[in-house]
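The structure under discussion appears below in the form of C-alpha coordinates.
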(Lines of atoms letter the chains of each structure in order from A and count residues from 1; the text may use other names and numbers.)
(Lines give C-alpha, C1' and ligand atoms only; values in the text may rest on other atoms or scores of the structure.)
Protein backbone atom coordinates (compact mmCIF):
# COMPACT_ATOMS: atom_id res chain seq x y z
CA UNK A 1 0.00 0.00 0.00
CA UNK A 2 1.35 3.44 -0.96
CA UNK A 3 2.20 5.88 1.79
CA UNK A 4 0.64 9.36 1.77
CA UNK A 5 3.63 11.04 0.08
CA UNK A 6 3.67 8.50 -2.76
CA UNK A 7 -0.10 8.77 -3.15
CA UNK A 8 0.10 12.57 -3.33
CA UNK A 9 2.85 12.56 -5.94
CA UNK A 10 1.86 9.53 -8.01
CA UNK A 11 1.67 9.87 -11.75
CA UNK A 12 0.32 7.76 -14.58
CA UNK A 13 2.17 8.15 -17.87
CA UNK A 14 0.75 6.82 -21.14
CA UNK A 15 3.39 6.45 -23.85
CA UNK A 16 1.82 6.53 -27.31
CA UNK A 17 3.80 6.70 -30.54
CA UNK A 18 2.77 10.23 -31.51
CA UNK A 19 2.07 11.74 -28.10
CA UNK A 20 2.59 11.14 -24.39
CA UNK A 21 0.04 11.85 -21.66
CA UNK A 22 0.98 12.29 -18.02
CA UNK A 23 -1.80 12.24 -15.42
CA UNK A 24 -0.60 13.80 -12.18
CA UNK A 25 -2.10 14.32 -8.74
CA UNK A 26 0.55 16.87 -7.84
CA UNK A 27 3.73 18.19 -9.43
CA UNK A 28 5.87 21.28 -8.99
CA UNK A 29 8.58 21.10 -11.65
CA UNK A 30 11.81 23.07 -11.90
CA UNK A 31 12.75 24.73 -15.22
CA UNK A 32 12.95 22.23 -18.09
CA UNK A 33 11.93 22.02 -21.76
CA UNK A 34 10.62 19.54 -24.32
CA UNK A 35 11.28 19.11 -28.03
CA UNK A 36 7.51 19.08 -28.60
CA UNK A 37 4.44 21.10 -27.58
CA UNK A 38 3.09 20.79 -24.02
CA UNK A 39 -0.67 21.02 -23.53
CA UNK A 40 -1.84 20.93 -19.89
CA UNK A 41 -5.45 20.46 -18.81
CA UNK A 42 -6.86 20.71 -15.28
CA UNK A 43 -9.20 17.77 -14.61
CA UNK A 44 -11.51 19.86 -12.45
CA UNK A 45 -12.30 23.49 -11.66
CA UNK A 46 -8.83 24.37 -10.39
CA UNK A 47 -6.10 26.35 -12.14
CA UNK A 48 -2.58 25.14 -12.74
CA UNK A 49 0.45 27.36 -13.25
CA UNK A 50 2.97 27.67 -16.08
CA UNK A 51 5.75 30.17 -16.69
CA UNK A 52 9.48 30.71 -17.23
CA UNK A 53 10.14 30.92 -13.47
CA UNK A 54 7.89 30.24 -10.44
CA UNK A 55 7.44 33.97 -9.74
CA UNK A 56 6.15 34.59 -13.27
CA UNK A 57 3.65 31.78 -13.78
CA UNK A 58 0.27 32.27 -15.46
CA UNK A 59 -2.85 30.64 -13.99
CA UNK A 60 -5.27 28.76 -16.21
CA UNK A 61 -7.21 25.53 -16.62
CA UNK A 62 -5.82 24.83 -20.11
CA UNK A 63 -2.36 26.03 -21.14
CA UNK A 64 0.15 25.45 -23.91
CA UNK A 65 3.94 25.72 -23.97
CA UNK A 66 5.84 26.03 -27.24
CA UNK A 67 8.44 23.52 -28.36
CA UNK A 68 11.85 23.83 -26.75
CA UNK A 69 10.72 26.61 -24.37
CA UNK A 70 12.20 26.48 -20.85
CA UNK A 71 9.38 26.57 -18.30
CA UNK A 72 8.27 25.65 -14.80
CA UNK A 73 4.99 23.94 -13.94
CA UNK A 74 2.79 23.52 -10.86
CA UNK A 75 -0.37 21.42 -10.93
CA UNK A 76 -2.50 23.32 -8.43
CA UNK A 77 -5.17 21.77 -6.21
CA UNK A 78 -6.32 18.84 -8.29
CA UNK A 79 -5.35 16.29 -10.94
CA UNK A 80 -3.96 17.49 -14.24
CA UNK A 81 -3.41 15.90 -17.66
CA UNK A 82 -0.23 16.94 -19.44
CA UNK A 83 0.05 16.18 -23.16
CA UNK A 84 3.20 16.26 -25.24
CA UNK A 85 2.19 16.67 -28.89
CA UNK A 86 4.44 16.59 -31.92
CA UNK A 87 4.49 20.11 -33.39
CA UNK A 88 4.44 19.03 -37.03
CA UNK A 89 1.09 17.19 -36.86
CA UNK A 90 -2.04 19.06 -37.93
CA UNK A 91 -3.23 19.66 -34.35
CA UNK A 92 0.24 20.93 -33.45
CA UNK A 93 0.05 23.44 -36.31
CA UNK A 94 -3.49 24.43 -35.27
CA UNK A 95 -2.47 25.01 -31.66
CA UNK A 96 0.60 27.03 -32.60
CA UNK A 97 -1.31 29.14 -35.12
CA UNK A 98 -4.25 29.81 -32.80
CA UNK A 99 -2.46 30.48 -29.52
CA UNK A 100 1.32 30.73 -29.74
CA UNK A 101 2.53 32.36 -32.95
CA UNK A 102 5.68 34.00 -31.55
CA UNK A 103 4.74 33.59 -27.86
CA UNK A 104 6.37 30.88 -25.70
CA UNK A 105 3.24 30.23 -23.56
CA UNK A 106 -0.51 30.81 -23.74
CA UNK A 107 -3.69 30.19 -21.72
CA UNK A 108 -6.37 28.47 -23.82
CA UNK A 109 -10.14 29.02 -23.32
CA UNK A 110 -11.50 26.07 -21.36
CA UNK A 111 -14.71 25.95 -23.40
CA UNK A 112 -12.75 24.53 -26.32
CA UNK A 113 -12.77 21.27 -24.35
CA UNK A 114 -16.51 21.33 -23.62
CA UNK A 115 -17.02 18.10 -25.57
CA UNK A 116 -13.89 16.35 -24.35
CA UNK A 117 -14.23 13.24 -22.13
CA UNK A 118 -12.47 14.76 -19.11
CA UNK A 119 -14.41 12.66 -16.59
CA UNK A 120 -12.91 9.59 -18.21
CA UNK A 121 -9.43 10.99 -17.60
CA UNK A 122 -10.16 11.19 -13.89
CA UNK A 123 -11.46 7.63 -13.97
CA UNK A 124 -8.35 6.48 -15.84
CA UNK A 125 -6.19 8.00 -13.13
CA UNK A 126 -8.17 6.79 -10.13
CA UNK A 127 -8.99 3.34 -11.53
CA UNK A 128 -5.53 2.84 -13.07
CA UNK A 129 -6.63 2.15 -16.63
CA UNK A 130 -4.11 0.34 -18.79
CA UNK A 131 -2.81 1.80 -22.03
CA UNK A 132 -5.22 0.09 -24.39
CA UNK A 133 -8.24 1.25 -22.40
CA UNK A 134 -6.89 4.79 -22.19
CA UNK A 135 -5.93 5.11 -25.86
CA UNK A 136 -9.41 5.87 -27.34
CA UNK A 137 -10.25 8.60 -24.82
CA UNK A 138 -6.91 10.27 -25.47
CA UNK A 139 -7.53 10.41 -29.20
CA UNK A 140 -11.14 11.50 -28.56
CA UNK A 141 -9.92 14.53 -26.61
CA UNK A 142 -7.44 15.48 -29.33
CA UNK A 143 -10.05 15.07 -32.05
CA UNK A 144 -12.57 17.15 -30.07
CA UNK A 145 -10.04 19.96 -29.68
CA UNK A 146 -8.95 19.81 -33.33
CA UNK A 147 -12.57 20.01 -34.44
CA UNK A 148 -13.04 23.32 -32.60
CA UNK A 149 -9.96 25.00 -34.08
CA UNK A 150 -9.61 26.55 -37.50
CA UNK A 151 -7.36 25.03 -40.10
CA UNK A 152 -3.82 26.36 -39.63
CA UNK A 153 -3.12 29.57 -41.57
CA UNK A 154 0.38 28.34 -42.31
CA UNK A 155 0.24 24.55 -42.67
CA UNK A 156 3.40 22.61 -41.99
CA UNK A 157 5.62 22.57 -45.07
CA UNK A 158 5.16 19.32 -47.04
CA UNK A 159 8.90 18.64 -46.90
CA UNK A 160 8.80 18.64 -43.09
CA UNK A 161 5.80 16.29 -43.08
CA UNK A 162 7.52 13.91 -45.53
CA UNK A 163 10.72 13.96 -43.51
CA UNK A 164 8.91 13.07 -40.27
CA UNK A 165 7.04 10.22 -41.96
CA UNK A 166 10.32 8.94 -43.43
CA UNK A 167 11.92 9.21 -40.00
CA UNK A 168 9.26 6.89 -38.56
CA UNK A 169 10.32 4.13 -40.98
CA UNK A 170 13.97 4.20 -39.98
CA UNK A 171 15.39 1.90 -37.30
CA UNK A 172 15.67 3.80 -34.03
CA UNK A 173 15.43 7.13 -35.86
CA UNK A 174 19.18 7.43 -36.42
CA UNK A 175 18.75 9.55 -39.55
CA UNK A 176 21.02 12.53 -40.02
CA UNK A 177 19.88 15.96 -41.12
CA UNK A 178 21.68 15.35 -44.41
CA UNK A 179 19.78 12.09 -45.02
CA UNK A 180 16.40 13.66 -44.24
CA UNK A 181 17.16 16.69 -46.42
CA UNK A 182 18.19 14.44 -49.29
CA UNK A 183 15.00 12.40 -48.95
CA UNK A 184 12.84 15.51 -49.43
CA UNK A 185 15.05 17.05 -52.11
CA UNK A 186 16.38 20.04 -50.19
CA UNK A 187 19.78 21.27 -49.12
CA UNK A 188 20.61 20.49 -45.52
CA UNK A 189 20.63 24.17 -44.52
CA UNK A 190 17.27 24.84 -46.19
CA UNK A 191 15.72 21.77 -44.57
CA UNK A 192 16.98 22.68 -41.09
CA UNK A 193 15.61 26.20 -41.49
CA UNK A 194 12.20 24.93 -42.64
CA UNK A 195 12.02 22.38 -39.85
CA UNK A 196 12.60 24.93 -37.12
CA UNK A 197 10.30 27.49 -38.77
CA UNK A 198 7.38 25.06 -39.02
CA UNK A 199 7.76 23.12 -35.78
CA UNK A 200 9.27 25.72 -33.46
CA UNK A 201 12.09 23.39 -32.46
CA UNK A 202 15.50 22.53 -33.94
CA UNK A 203 15.76 19.13 -35.60
CA UNK A 204 18.37 18.05 -33.04
CA UNK A 205 15.98 18.71 -30.13
CA UNK A 206 13.13 16.94 -31.92
CA UNK A 207 15.29 13.87 -32.58
CA UNK A 208 16.36 13.81 -28.94
CA UNK A 209 12.69 13.72 -27.88
CA UNK A 210 11.91 10.91 -30.34
CA UNK A 211 14.86 8.92 -29.00
CA UNK A 212 13.51 9.35 -25.49
CA UNK A 213 10.22 7.80 -26.58
CA UNK A 214 12.08 4.96 -28.34
CA UNK A 215 14.11 4.28 -25.21
CA UNK A 216 10.99 4.26 -23.03
CA UNK A 217 9.38 1.71 -25.38
CA UNK A 218 12.52 -0.44 -25.27
CA UNK A 219 12.39 -0.56 -21.46
CA UNK A 220 8.61 -0.92 -21.10
CA UNK A 221 7.82 -3.24 -24.00
CA UNK A 222 11.02 -5.13 -24.74
CA UNK A 223 12.35 -5.35 -21.19
CA UNK A 224 15.69 -3.78 -22.06
CA UNK A 225 18.03 -2.43 -19.42
CA UNK A 226 18.45 1.34 -19.34
CA UNK A 227 21.91 1.01 -20.90
CA UNK A 228 20.71 -1.24 -23.74
CA UNK A 229 17.65 0.94 -24.31
CA UNK A 230 19.84 4.03 -24.56
CA UNK A 231 22.06 2.44 -27.21
CA UNK A 232 19.16 1.02 -29.19
CA UNK A 233 17.41 4.39 -29.27
CA UNK A 234 20.48 6.13 -30.66
CA UNK A 235 22.01 7.71 -27.56
CA UNK A 236 25.80 7.53 -27.37
CA UNK A 237 25.66 5.98 -23.89
CA UNK A 238 23.57 5.78 -20.72
CA UNK A 239 24.99 9.10 -19.49
CA UNK A 240 23.72 10.83 -22.64
CA UNK A 241 20.29 9.24 -22.13
CA UNK A 242 20.32 10.41 -18.51
CA UNK A 243 21.26 13.96 -19.50
CA UNK A 244 18.54 14.29 -22.14
CA UNK A 245 15.89 12.75 -19.87
CA UNK A 246 16.76 15.23 -17.14
CA UNK A 247 16.74 18.13 -19.58
CA UNK A 248 13.41 17.26 -21.20
CA UNK A 249 11.56 15.50 -18.39
CA UNK A 250 13.13 16.87 -15.23
CA UNK A 251 13.87 13.41 -13.81
CA UNK A 252 16.55 10.79 -14.46
CA UNK A 253 15.63 7.47 -16.13
CA UNK A 254 16.25 5.29 -13.08
CA UNK A 255 13.86 7.42 -11.01
CA UNK A 256 11.20 7.35 -13.72
CA UNK A 257 11.27 3.58 -14.15
CA UNK A 258 12.02 2.48 -10.59
CA UNK A 259 10.13 4.96 -8.38
CA UNK A 260 6.70 3.61 -7.39
CA UNK A 261 5.23 7.10 -7.82
CA UNK A 262 5.51 6.72 -11.60
CA UNK A 263 3.35 4.16 -13.41
CA UNK A 264 4.12 3.97 -17.14
CA UNK A 265 1.66 2.40 -19.56
CA UNK A 266 2.88 1.77 -23.12
CA UNK A 267 0.31 1.73 -25.93
CA UNK A 268 1.68 -0.70 -28.47
CA UNK A 269 -0.39 0.04 -31.56
CA UNK A 270 0.83 3.03 -33.57
CA UNK A 271 -1.86 5.47 -34.67
CA UNK A 272 -1.11 8.68 -36.57
CA UNK A 273 -3.30 11.38 -35.04
CA UNK A 274 -3.62 13.17 -38.39
CA UNK A 275 -5.49 10.14 -39.70
CA UNK A 276 -8.13 10.12 -36.94
CA UNK A 277 -8.71 13.80 -36.28
CA UNK A 278 -12.12 15.41 -36.63
CA UNK A 279 -12.02 17.66 -39.72
CA UNK A 280 -11.90 21.38 -38.94
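In this note's numbering, the protein residues as written are 58 to 337.
Quick reminder that beta carbons are idealized off the backbone N, C-alpha and C, glycines included.
Identify every residue that forms a DSSP beta bridge with residue 85.
Walking along the chain shown from the start, residue 85 turns up at place 28. Residue 85 is bridged to 131.
Just reading off the beta strand (DSSP E) that residue 16 is part of, what are its end residues?
Nothing can be reported for residue 16: it is not among the residues displayed for the chain, which extend from 58 to 337.
In whole angstroms, what is the alpha-carbon distance linking residue 211 and residue 130?
Here residue 211 corresponds to residue number 154 of the chain shown, with the count starting at 1. Here residue 130 corresponds to residue number 73 of the chain shown, with the count starting at 1. Distance between residue 211 and residue 130, taken at the CA atoms: about 29 Å.
Determine, using beta carbons only, whether residue 287 and residue 265 come nearer to each other than 8 Å.
Mapped onto the chain shown, residue 287 falls at position 230. Mapped onto the chain shown, residue 265 falls at position 208. In this structure, residue 265 does not lie closer than 8 Å to residue 287 by Cβ.
Output yes or no for whether 8 Å exceeds the beta carbon distance between residue 153 and residue 144.
Within the chain shown, the letter at position 96 stands for residue 153. Within the chain shown, the letter at position 87 stands for residue 144. Closer than 8 Å, so yes.
So for residue 194, helix, strand or coil by DSSP?
The residue you call residue 194 lines up with position 137 of the chain shown. Correct three-state label for residue 194: helix.
Given a threshold of 16 other Cβ atoms within 10 Å of its Cβ, counted over all protein chains shown, does residue 107 qualify as buried or as exposed?
Here residue 107 refers to the residue found at position 50 when the chain shown is read from its first residue. Looking at its Cβ environment, which holds 16 or more other Cβ atoms inside 10 Å, residue 107 is buried.
Which of helix, strand or coil does DSSP assign to residue 153?
Stepping through the chain shown from its first residue, residue 153 is reached at position 96. Helix, per DSSP.
Is it a yes or a no for the stretch 119-138 touching the stretch 80-99, going by three-plus beta-carbon pairs under 8 Å?
yes
Count Cβ pairs between the stretch 226-246 and the stretch 167-178 that sit closer than 8 Å; are there 3 or more?
no
Taking DSSP as the reference, what is the three-state secondary structure of residue 164?
The residue labelled residue 164 in the question sits at position 107 within the chain shown. Three-state DSSP puts residue 164 in a strand.
The beta strand (DSSP E) that contains residue 96, what's its start and end?
In the chain shown, counting from the first residue as 1, residue 96 sits at position 39. Unbroken beta strand (DSSP E) run through residue 96: 94-99.
Below 8 Å between beta carbons: does that hold for residue 118 and residue 132?
The residue labelled residue 118 in the question sits at position 61 within the chain shown. The residue labelled residue 132 in the question sits at position 75 within the chain shown. Against a cut-off of 8 Å, the Cβ pair of residue 132 and residue 118 comes out as no contact.
When DSSP builds the beta bridges, which residues end up paired with residue 221?
Position 164 of the chain shown, counted from the first residue, corresponds to residue 221. Paired residue(s): none; residue 221 is not in a bridge.
Could you confirm whether any beta carbon from chain C is found closer than 8 Å to the beta carbon of residue 127?
Annotation note: the requested chain C is absent from the structure, which comprises a single protein chain.
How many Å lie between residue 148 and residue 203 at the Cα?
Counted from its first residue, the chain shown places residue 148 at position 91. Counted from its first residue, the chain shown places residue 203 at position 146. Their Cα atoms are separated by approximately 6 Å.
Tell me, please, which residues DSSP counts as bridged to residue 105.
Locating residue 105 in the chain shown gives position 48, counting from the first residue. 117, per the DSSP bridge assignment.
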